[in-house]
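Asks: Mind having a look at this structure? Questions to follow.
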Amino acid sequence: MISHTLSAHADRQALNYERLTDAWRSLFFNALGSSSFGSPALVNSIVRQAYDLAQTFLEDVDEDSENLVFEIATEAHTATIDEIMSDASDELTVEALEHLNQTKSYLIDSLGAQIHRDIALLRLTLQRVNLEVSLASRSRRLSTANALMEYRIGNKSDLQFIFLDRNSRKWQSSKYIRGLWRHTLLSVYNEVVLHTLSEHGLERAQVNHMNADAQSHGMIIAMGSNADMPTYSEIRDTIFHPNSNAVLSMETPNVSS
């Protein structure tokens with residue numbers, strides 16, 4: 003089922019981001035061992051290197067996102083055309099393609115925002131360590147090198163890159179990135195299904211869940227405002243959450259909700 007494909011792609015992208023954060027951690031720990039630790043020049047150098055790594059990452063992501071969005075969109079379009087039993091040569095409309103382009107831009111913007119947050123955390127952590135080392139050095143008459151050594155011995159915790167959600171819950175950045183990718187690709191699939199159905203004059207779609215006993219399985223949604231049934235926008239973030247195993251398809255008979 004498409005759910006497995008979405009998860010596999012999201013897992014791979016999360017792993018790629020985790021590798022990026024690992025590289026940032028290496029920069030951080032290398033800075034702790036530098037003879038110029040605490041200098042503004044070192045901090046600026048670390049941040050610059052972090053952004054250089056991020057730029058390379060984003061260049062790869064830009065190509066990946068183009069390919070993955072098109073792959074999932076094509077699969078959704080083909081599956082829906084098969085259900086409609088329409089001309090298999092039908093192609094995505096200009097409107098649908100523009101919608102996909104905007105979705106890709108949203109994904110890249112969201113990734114960029116998390117990168118800025120994580121690098122800001124890297125800078126802030128360097129600043130806080132420098133403050134702690136500086137205070138210890140001055141108050142206890144230690145050399146900066148000895149104060150830094152004591153800090154490294156007494157602080158074994160790793161540098162954790164996180165995402166803070168609207169409920170103030172902390173998520174590991176790579177886990178957030180996985181959810182971002184999966185939710186975006188799931189949206190691509192569902193929204194191409196809706197575009198394709200509407201282009202063929204169909205006014206409703208159906209929720210199909212991997213688990214036929216799921217409460218949402220068989221739910222019918224309307225293309226536009228309807229007093230009797232929900233619209234896609236009304237259920238997008240609940241039924242189609244980042245880990246959802248439900249997708250949209252053409253309405254079929256004999257599927258109980």
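Residue 3 is where the sequence shown starts when you use the working numbering, and the numbers rise one by one after that. Ideal placement from N, C-alpha and C gives every residue a C-beta, glycine not left out.
Can you check which of these residues, D92, I121 and D64, is closest to Q51 by C-alpha distance?
Replies: Of the candidates D92, I121 and D64, the one whose C-alpha sits nearest the C-alpha of Q51 is I121.
Asks: For L199 and I48, what's the separation of their Cα atoms in angstroms?
Replies: Those two C-alpha atoms are separated by around 51 Å.
Asks: Compare the beta carbon distance of S175 and Q129 with 8 Å and say whether it is the shorter of the two.
Replies: No. Outside cutoff.
Asks: Within its chain, find whatever has a CB closer than 6 Å to the CB of M225; leave out the 5 residues flanking it on each side and keep chain order.
Replies: Cβ within range, chain order: S200 and E205.
Asks: Taking A16 as part of the alpha helix (DSSP H), name the residues at either end of that continuous run.
Replies: Counting along the chain, the alpha helix (DSSP H) containing A16 begins and ends at I4 to L34.
Asks: For S37, count neighbouring C-beta atoms within 10 Å of its own C-beta (all shown protein chains included) and say buried if the count is 16 or more, exposed if not.
Replies: Classification for S37: exposed.
Asks: Taking its Cβ as the centre, do 16 or more other Cβ atoms sit within 10 Å of E61, making it buried, or is it exposed?
Replies: The residue is exposed, with fewer than 16 neighbouring Cβ atoms inside 10 Å.
Asks: Identify the residues that DSSP records as bridge partners of H211: which are they?
Replies: Paired residues: A248.
Asks: CA-CA distance, E20 and G203?
Replies: If I take the Cα positions, the gap works out to 44 Å.
Asks: Tell me where the beta strand (DSSP E) around Q174 begins and ends.
Replies: Q174 -> beta strand (DSSP E) spans K172 to Q174.
Asks: Near T23, which residues of its chain fall below 7 Å by C-beta distance, leaving aside the five closest residues on each side in sequence?
Replies: Around T23: D120, F163, S175 and S176.
Asks: With DSSP as the reference, label R50 as helix, strand or coil.
Replies: Three-state DSSP puts R50 in a helix.
Asks: If you check the beta carbons only, do R171 and A12 fall under 8 Å apart?
Replies: Not in contact: R171 and A12 (Cβ atoms no closer than 8 Å).
Asks: Measuring CA to CA, which of P255, L109 and H101 is closest to S67?
Replies: The residue with the shortest Cα to Cα distance from S67 is L109.
Asks: Put I241 into one of helix, strand or coil per three-state DSSP.
Replies: Of the three classes helix, strand and coil, the one that applies to I241 here is coil, per DSSP.
Asks: Counting beta carbon pairs with one atom in the segment 207 to 215 and one in the segment 239 to 250, are three or more of them shorter than 8 Å?
Replies: Counting Cβ pairs under 8 Å, three or more are found: they touch.
Asks: Have a look at the DSSP bridge pairing and note the partners of T233.
Replies: For T233, which the question treats as bridged, DSSP gives the partners A224.
Asks: Using a beta-carbon distance below 8 Å, is A149 in contact with chain B?
Replies: The structure shown contains no chain B; it holds only a single protein chain.
Asks: Count the other C-beta atoms from every protein chain shown that fall within 10 angstroms of the C-beta of M221, then say buried if there are 16 or more, exposed otherwise.
Replies: When all chains shown are included, M221 counts as buried.
Asks: For the candidate residues S88, N69 and N132, whose alpha-carbon lies nearest to that of N103?
Replies: Residue N69 is the option with its Cα nearest to N103.
Asks: Whose C-beta lies closer than 7 Å to the C-beta of K106 among residues of the same chain, with five residues either side of it excluded?
Replies: Hits under 7 Å: S67, E68 and V71.
Asks: How big is the Cα-Cα spacing for L188 and E77?
Replies: Distance between the alpha carbons of L188 and E77: 12 Å.
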